Amino acid sequence: MTTPEPALDLHVPDCSELGHERGTSAEATSRLRTWSRFGEPVAKRRTWSILCGMTTIFPDPESPISDARPVEVPRADYLLWAKRRPHPANDLGRSDVLGCTFDDVPGMRESLELSGRNDDGWMPLVDRIAARYGVEPSAVATATGTSGANFLVCAALIRPGDDVVVEKPAYDPLLAAPRLLGANLVRFERRFEEGFALDLDRLAAAVTPRTRLIIVTNPHNPTGVLGSLDQMRALGEVADRHGCYVLADEIYLDAIEGPRQAVAATLSPRIITTSSLTKAYGLAGLRCGWALAAPAVAEELRRVRDLVDGSGSILTERAAAAAFEHLPALAARARGILEPNFALFERFIAAQPALEWVRPDGGTVAFPRLKGVASADAFVARLFNEFETAVVPGRFFEAPAHMRIALGIDGGVLARGLEAIARALE
Ligand SMILES: Cc1ncc(COP(=O)(O)O)c(C=O)c1O
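So the numbering used here is basically just the index in the sequence shown, starting at one, shifted up by 74.
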C-alpha cells in the first residue's frame, strides 16, 4: 500500500507593494493558456505567471503527481530581465566594473588546483577576507556571491510570519528572498528630495515587535548614496533595541570615492555585512562572496550553507585567495575606469535639463530621473530600439521615472551611450 503524498503547504506572500495584482492559481492557469511571457511557448511543467510577481510551477497533467497543487515562487523581476535582456552596442545596463582577465591578477592562474579542504571555506581565503575587513576568521562565512550570502542570512534568520523591514527603492532579490521564506515585508522610503539618505527615524518607525531583520544596501543600490559610519552604528542600535538583526549588503562599498569605510559588521554584533568580489574589482565570474557577522551568527550561516549548497568551489576559493593578494592593484584598476567615467557623466548630466540626479558617493552606477514623467519606460524603450543603447529601467527598483546607468564600463562605450541618450532627449 502506498502512503498518499502530504498536501503541499502553499504559501503565497503578498506582493501588492510591487504593484502586481494578487490572483489565484485558477486565474493564472486560465491566463496562461492564452499568454506566454517572452513569446516562448507555455511550458507544461513550469511557466511564468503574470500574477503576483510569482513564478508558478504547474504539475504536468499527465504525470503521476498531477494532483499536486501548483507551487508559487516569488520572482526577482530585475534579475530575470538582467539575465534575458539583449546586449546592444552601447550597453549601459551593467553594474560591475569591467571584467578582469587572468593577466590582471598575477599568480591566479598558477594558484588553481582541483582539490583542497574547503568544507567551511578554504582557510587561506577566509583568513584574507578577515584580514582585509578587520574581523576574526571566525566572523567570516563564505558564500556563492553576495547573492548567496544574502540568502544564507535570510534563511538563517527569517521564519514564516516574521516582519522584515526593507528600504525602498530596493534591489529586488532582497525583497523576493524574504518573501520566499514567508516574511511580511515592511518598507521604509529613501527619498529623492532627501538625497536618498537613510532616514533612521523613518526606518525605526517601520520596525514592529515581529521584526526579525532590517535590510539595507550601503552604498545604496540603485542610487550609490553612502550611509556614514555613525548612521550604520545607529542602525545597529535600533536593531539592538528591538532584538533583531541588520543585513547590510555592502557589495558597492569598496567602490566608493576616497578612503575605504569600515564595514558595518565591525560596528555592532547586530549587523551582518555581505559582499563579494563582483562589483568593485571586476571579478564577477568568480562568484566569491561572504558574510561578516558575530562569530555565533557566522557559524549559523555556515550551518545553513550545509543545507543550501554544502560548500563553495575550491577552484573559485583558490582563485579568490590569489585575488586578495592583489586587491589594492585591482582597486586602482577599478578607479582608473570609474573616475574618468564619473567625470564624463557629471559633464553629461550638467548639460541635460531634462534629467536630474542625486550624485552618488562613488560606486559603479548613476540613477538619474527623467523630469516631468511618471515613468521613463517609453524613453528607455526608444533608446534601445532607435539608438542601440541599453540602460536599466527604474521600475525594477520601484522608481519608474529613473534609469540606472553603468559607470564601470569601457569609457568609449559610455561616451557613445551618453551621446545616444542626449540625442534621444533632444
Ligand atoms: C545590492 C546587490 N547585492 C548583490 C548583488 C549580486 O552580487 P553577486 O554577484 O556577488 O552575487 C548585486 C548585483 O547587482 C547587488 O546590486
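All residues carry an ideal CB built from backbone N, CA and C; glycine is no exception.
Quick caveat, the model's predicted, so the values are computed rather than measured.
Is any heavy atom in ligand 1 found nearer than 7 Å to the beta carbon of residue i?
i: T340; result: no
i: G363; result: yes
i: T220; result: yes
i: A358; result: yes
i: I330; result: no
i: D484; result: no
i: S449; result: no
i: S169; result: yes
i: Y245; result: yes
i: T291; result: yes
i: T216; result: no
i: I325; result: yes
i: S350; result: yes
i: N192; result: no
i: N555; result: The structure shown has nothing for residue 555, since the chain only spans 75 to 500.
What does DSSP give as the partner residue(s) for residue i in the beta ladder?
i: H476; result: R443
i: D328; result: In the DSSP output, where bridge partners are listed per residue, D328 has none listed.
i: D237; result: N258, T285
i: N192; result: Answer by DSSP bridge pairing: none, since N192 is not bridged.
i: A464; result: D165
i: V382; result: Answer is none; V382 lacks a bridge partner.
i: W364; result: T216, S349
i: G482; result: Note: G482 sits in no beta bridge, so no partner.
i: A322; result: V290, T347
i: E430; result: R443
i: V299; result: According to DSSP, which records beta bridges pairwise, V299 is partnered with nothing at all.
i: E263; result: K242
i: G173; result: G173 is not bridged to any residue.
i: G436; result: I330
With a cut-off of 8 Å on the beta carbons, I'd call residue i and residue j a contact; round off their distance for me.
i: A354; j: A329; result: 4 Å
i: V179; j: A397; result: 5 Å
i: A336; j: L303; result: 6 Å
i: L429; j: P414; result: Not a contact, Cβ separation roughly 20 Å.
i: A257; j: D236; result: 5 Å
i: R324; j: A308; result: The question names Arg, but residue 324 in the sequence shown is Glu. Contact flag wrong, Cβ pair sits at about 16 Å.
i: V166; j: L488; result: Reading off the sequence, residue 166 comes out as Leu, not Val. That belief holds up - the Cβ atoms of L166 and L488 are roughly 7 Å apart, short of 8 Å.
i: I232; j: V238; result: 6 Å
i: T463; j: N164; result: 4 Å
Closer than 8 Å, CB to CB, is residue i near chain B or not?
i: D193; result: In summary, chain B is missing from the structure at hand, where a single protein chain is found.
Is the stretch 286-304 touching the stretch 317-332, taking contact as three or more C-beta pairs under 8 Å? Contact between the stretch 286-304 and the stretch 317-332 is present: three or more C-beta pairs spanning the two stretches fall below 8 Å.
Taking one C-beta from the stretch 246-261 and one from the stretch 212-228 each time, how about it: are there three or more such pairs within less than 8 Å? yes
May I ask you to verify whether the stretch 358-376 touches the stretch 198-216, counting CB pairs closer than 8 Å and requiring at least 3? With the rule of 3 Cβ pairs closer than 8 Å, the stretch 358-376 counts as touching the stretch 198-216.
Does the contact criterion of 3 or more C-beta pairs under 8 Å hold for the stretch 155-167 versus the stretch 370-379? no
Pairs of beta-carbons, one from the stretch 337-354 and one from the stretch 451-467, closer than 8 Å: are there three or more? no
Using a Cβ distance threshold of 8 Å, determine whether the stretch 482-494 contacts the stretch 411-426, with at least three qualifying pairs required. yes
Measuring CB atoms only, is the stretch 293-302 touching the stretch 425-439, in the sense that at least three cross pairs come out at less than 8 Å? yes
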